[in-house]
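Residue numbers (the working numbering): 28 to 1026. Ideal Cβ positions, reconstructed from N, Cα and C, are used throughout, including at glycine. Read the structure below first, then the notes.
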Amino acid sequence: MDLAPEQKLHGFTVRTREELPEIDGTAYVLDHDKSGAQLLYLRNDDNNKAFSIAFKTPPADDTGVFHILEHSVLCGSDKFPVKEPFVDLLKSSMQTFLNAMTFPDKTMYPVASTNDQDLLNLADVYLDAVLHPAIYRKRAIFEQEGWHYELGGDTEAEAGDSVAGDAVAATEAADGSARLVLNGVVYNEMKGALSDPNSVLYDELQAALFPDTAYRFESGGTPRAIPDLTYEQFLEEHRRHYRLDNSYLTLYGDLDLDGMLAFLNERYLSPVADEQAAATGIGSEGAPLGPHELREQAPVRALGVKRNMATAPENACAGLGYVIGNACERTRMTAVDILIDAIAGSNEAPLKRALLDAGLAADATAFFADSLLQPFAVIQLRGLEEGGAERFRPVVEETLRKLADGGLDRTLVEASLSRAEFVMREREYGMPDGVALAMSSLAGWLYDDDAATSYLKYEDDFAFLRKALDEGYFERLIREVFLDSDHMAEVEIVPVDGDEDAYEEERLAAVEAAMTPKDYVRVADEEAALRRLQEEPDSPEALAVLPRLSVADIKDAPEEPAYGPVEDASVPTLRHDVPTRGIAYAYRYFDLDRVAFDELPYVAVLGLVLGKLGTARHTASELDTLVNGKLGNLTFFAEIYESETDPAALAPKFVVSSSALTENVRELAELPREIMLETDFSDTGKIKDVLQQRRIGMEQGFANAGHASAMAHLASYYLPAGVVREQLGGVGFYRFLKQLLASFDERAEEVSARLADLAARLFADDALTLSFTGTDGDYERFLAAGAALGRTRPADGVRLIAPDPVALNEAFIVPTDVCYAAQGFDRRAFDAGYTGAWQVAARALSYDYLWNEVRVKGGAYGAGFQTARTGNLRFYSYRDPHLDDTLAHFARASEWLAKFDPAAEAMEGYVVSTVAGFDTPLKARALVRRQDGDFFGGRTPESRAATRAQMIDADAAALRALAGPIAEAVAMNAVCVFGSKDIIEASDAGLAVIDLLNE
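Encoded structure:
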């Protein structure tokens, strides 16, 4: 359906229409006449349709009110009076994306689906959630998602019986033995998020750059300030900001626009406009009720800012921030983003190389901070050396002055420009295009009603910037943004001894000191009331109102592009018939079966350093520029492919992943080949830089994404593949890395020799399987440029033999204030075969039992259950304030599943949502990787079809039958935990405690 400017339709007036080749479609901006809402419709042929509503929400303090609102409005509404409609949609819809996000100045609620009716259902639930939330009649939502007091003591021992737990709490309240505890989902989420010194540094930089605006506040909330938020303030901020005249709606894809606009107007925009017009216009302080002001910060120079933080000395970091201008200066923002990549995007980029060579820190990074009115550039040091902070700015300014005065290397900037163009063309957003484009649109639209499409258009910007390469434009940018800046900040995070959680203990002690016995009883009563609300099931009448799809709505499986071996190829080759938007993908898989087990950590090191060292033909800097300019992606890593039935049948591979625009197919063959065959491993200084950066990255991952680390290490307790992966990137590799770095200078020549030897043994045609995606012409040109390597492996008799896994119970102390727990085992040990019913069970356990017990009641940010075709069965929790309670919930999961008997509609919902997840559209790169994984794992399109059919046929009895293997897996008592010292040391789980960073 096409629209013309000034056209009126269902209460909307079309403001603008423009062709957007960047999205292969057309963009329309519409105004809703009655409500003042604005709508952007991005029309193209994409079947993965999307809807989004966003609100401008600049915070006025650090309480995280908009973050808590983001969580809370999805906990029931007037039309959908169930406790968790968000979770009900996860359990019953065909969504391909369902989430909500809080940004520094906006809150966004996007959804996506390939089904028209489902998209309408999702939009219906989300619109009622944001406009008519249950928060006004259920204070407990605020307490659950934001913060509340609980009574500690022995109540954790009663995790399985909330009534008994309430009785214990009441008794302890009466006799004064109880102690207050702070809990809440957002509270615990932010405790985890702000355990990271890099997150704290970013917040401090933003506060220093914008001391007089909303950006000085942490929009997610700080644990110190979240408990200052009152329920009344919470409600007022919703009334202020969740207004239609403060809203931005987006529609995307091949959808029924006429029907969607009619729905929006009749169901929500016109009626709610009347409601909001009739509502009081006065806030709690007597001022007109409206959104907080979002204004520009006048220039400031905040130098020498220091922030003490209780963290390990190696976490010391420092940052420089430079405000670039107004977000609506789109071309300037794009140019600075490209400039930052050119001067600091790799170890060989001139600014980063200067910082590394100066020995100021273990790592240096730079990035462009957008999604705010005044974007800024950040240059950061991680792992500061003594005196590094004082020398930081002088080294930066000296280096940038040389670049500005002497001129930037044209090929360097051109390479970064080419890389940026590749990224825009590939559109690998990690989410549906409609969601990503809705986010991008707000980068300009939020600040200028006429800029809804400014961040969706890039062709003209790139044309201008290519012309500007020879006109001194980027050198002028260096002077304007960095050297002559009158709006910048300098911040250092200084590690100190102590407990970063001490503020919480002090706060609770002060509250307790003022409490009477009656106050303790009141807290116990409020906690009990919250528990009762959490445990009370939704009524059949409330559930009946939720929009649902049935199994009959499931369409035939989407047809997948064909793939398979190429006959008579010189090396084993897979071809994929996947549309790629003018991009070619080449994956080279080298067998690792002739590498000894104790060599695996060096295989991982090889993957880290390849592409970052010079070759026989190019210096490291020259190679870096060539790769950036000619290739879209080039990475080296190890992967283990597993059999579905035999745990010992592994296909370990060293993967060379590469992609390029079709005009650069020759370089797609030649550059990776040069790196594999001709890398010079003698520059051990550069190798050490890479290893130090990897160590820092792993340590941050342990603290920020500890659930991933816990699940990976857990697998080494019972899967041969897990044992191998540990040496390539888990705790085993981290320990190797620390030991190697401790004596690197003495072992440098040995490291160089071992890497050269490994490369000579790995990269050979008789170890290679090639996977290529592109046109026939691309493939022929790729082969002609030298796909084969022209050598074979030596017959040295070395074989990869992994030790048997050993079940353990370990808890790793890492610098965080929360906990990440994982428990599981190999399902095949109990003769439990794989069917599609396992995936349906995983959805039921994750979004029903674990969501309620670990997240809703326990206050963890997340929890789930996963199982794979290859046997791995595991539970996990994420940013969790508890450990023993959570393990107890894992142990009782099989009991819950054994009694699983949902209503017929609910069971169909589990099936529908599981199949939709299985059918989620994949972009070219992800689809090719999945198909390659199926090939090496022995899975066929027929086996995928059989799994899908089993999902559709799954019923409650099929899920109950899986309770036995789950109980057996939990009984094996294989547990891995990453978490805070306090939580781990207070545990009675009998885990072996390891201080990972200090052992």
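Spell out a yes or no on whether the segment 116-129 and the segment 162-179 are touching, meaning 3 or more CB-CB pairs, one atom from each, closer than 8 Å.
Segments in contact, no.
For H265, tell me which candidate among N142, M217 and H94 has the shortest Cα-Cα distance.
Closest by alpha carbon: H94.
Is the beta carbon of A1001 closer than 8 Å to that of Y806?
No, Cβ-Cβ distance for Y806 and A1001 is not below 8 Å.
By DSSP, does Y214 sit in helix, in strand, or in coil?
In the structure shown, Y214 sits in a helix (DSSP, three-state: H, G or I).
Three-state secondary structure (DSSP) at E183?
Its pLDDT being 41, under 50, E183 is placed unreliably in this model, and the coordinates cannot settle the point.
Assign D1022 to buried or exposed, taking buried as 16 or more other Cβ atoms, counted over all protein chains shown, within 10 Å of its Cβ.
Its Cβ having fewer than 16 others within 10 Å, D1022 is exposed.
Please report the distance separating the alpha-carbon of K76 from that of F395.
So the two alpha carbons sit approximately 29 Å from each other.
So, does the segment 657-677 touch the segment 786-796, judging by three or more C-beta pairs under 8 Å?
Touching, no, given that fewer than three Cβ pairs across the two stretches are closer than 8 Å.
To the nearest angstrom, how far is it from the Cα of A786 to the Cα of L704?
A786 and L704: Cα-Cα distance of roughly 7 Å.
My output table needs one value for F25: the three-state DSSP class, helix, strand or coil.
Look at the range of the chain in this structure, 28 to 1026, and you will see that residue 25 is not part of it.
Please say whether S443 and N660 have beta carbons closer to each other than 8 Å?
Against a cut-off of 8 Å, the Cβ pair of S443 and N660 comes out as no contact.
Note down the Cα distance separating K83 from Y229, rounded to an integer number of angstroms.
Taking the straight line from one Cα to the other gives about 21 Å.
Which complete beta strand (DSSP E) runs does the segment 740-785 hold, if anything under 3 residues is left out?
Whole beta strand (DSSP E) segments, 3+ residues: zero.
Going by beta carbon distance, what residues of the same chain come within less than 8 Å of L954, once the five residues before and after it are set aside?
Within the same chain, L954 has close Cβ partners E587, P588, H603 and V605.
Taking Cβ to Cβ, would you say F39 is nearer than 8 Å to D58?
Result yes, Cβ atoms of F39 and D58 sit closer than 8 Å.
Can you give the Cα-Cα distance for L47 and A849, rounded to whole angstroms?
Taking the straight line joining both Cα atoms gives about 46 Å.
If we call anything under 8 Å between Cβ atoms a contact, is L271 one with V299?
Yes, the Cβ-Cβ distance between L271 and V299 is below 8 Å.
Could you say if the segment 721-729 and the segment 691-706 meet the contact criterion of at least three C-beta pairs nearer than 8 Å?
Judged by Cβ distances under 8 Å, the segment 721-729 makes no contact with the segment 691-706, as fewer than three pairs qualify.
Counting contacts by CB-CB distance shorter than 8 Å, is G173 in contact with chain D?
Absent from the structure is chain D; it holds one protein chain and no more.
Reducing DSSP to helix, strand and coil, say where H734 ends up.
H734 falls in the helix class under three-state DSSP.
Here's the rule I'm using: 16 or more other beta-carbon atoms within 10 Å means buried, otherwise exposed. How should A191 be labelled?
Any reading at A191 must be qualified, since the residue scores a pLDDT of 47, below 50, and its modelled position is unreliable; the value itself is stated next. That one is exposed.
Out of P564, E932 and E753, which one is the CA nearest neighbour of V578?
Checking every option, the nearest Cα to that of V578 belongs to E932.
Measuring CA to CA, which of C1003, V881 and V152 is closest to R558?
Among C1003, V881 and V152, the Cα nearest to that of R558 is on V881.
Beta carbon of R788: closer than 7 Å to some heavy atom of the ligand NAD?
Only the bare structure without any ligand can be found here, which leaves the ligand NAD out of the picture.
Which first and last residues belong to the beta strand (DSSP E) in which M978 is found?
Unbroken run through M978 is the alpha helix (DSSP H), P968 to D980; no beta strand (DSSP E).
If you pair each beta-carbon of the segment 460-470 with each one of the segment 415-430, do three or more pairs fall below 8 Å?
No contact exists between the segment 460-470 and the segment 415-430.
Assign A890 to one of two classes, buried (16 or more other C-beta atoms within 10 Å of its C-beta) or exposed (fewer than that).
Label assigned to A890: buried.
Suppose the cutoff is 7 Å on Cβ atoms and the five residues either side in sequence are ignored; what does the same chain contact list for E666 look like?
Cβ neighbours of E666 beyond the five flanking positions: K680 and V682.
On the CB-based measure, 16 or more other CB atoms within 10 Å of its CB, does S770 come out buried or exposed?
By the 10 Å Cβ count, S770 comes out exposed.
Measuring CA to CA, which of D151, R808 and D1009 is closest to A1031?
A query on residue 1031 cannot be resolved here, the shown segment of the chain reaching from 28 to 1026 and no further.
Drop a sphere of 10 angstroms on the beta-carbon of E626, count the other beta-carbons inside from all chains shown, and report buried for 16 or more, exposed for fewer.
Buried: at least 16 other Cβ atoms inside 10 Å.
Quick check on DSSP: helix, strand or coil for K1008?
Helix, per DSSP.
How is F902 classed by DSSP in three states: helix, strand or coil?
Strand.
I'd like the ranges of any beta strand (DSSP E) spanning at least 3 consecutive residues and lying wholly in the segment 132-158.
133-140, all fully within the segment 132-158.
Is T897 helix, strand or coil by DSSP?
Coil at T897, not helix or strand.
Using the Cβ count rule (16 or more neighbours within 10 Å means buried), how would you classify V833?
Exposed, by the Cβ-count rule.
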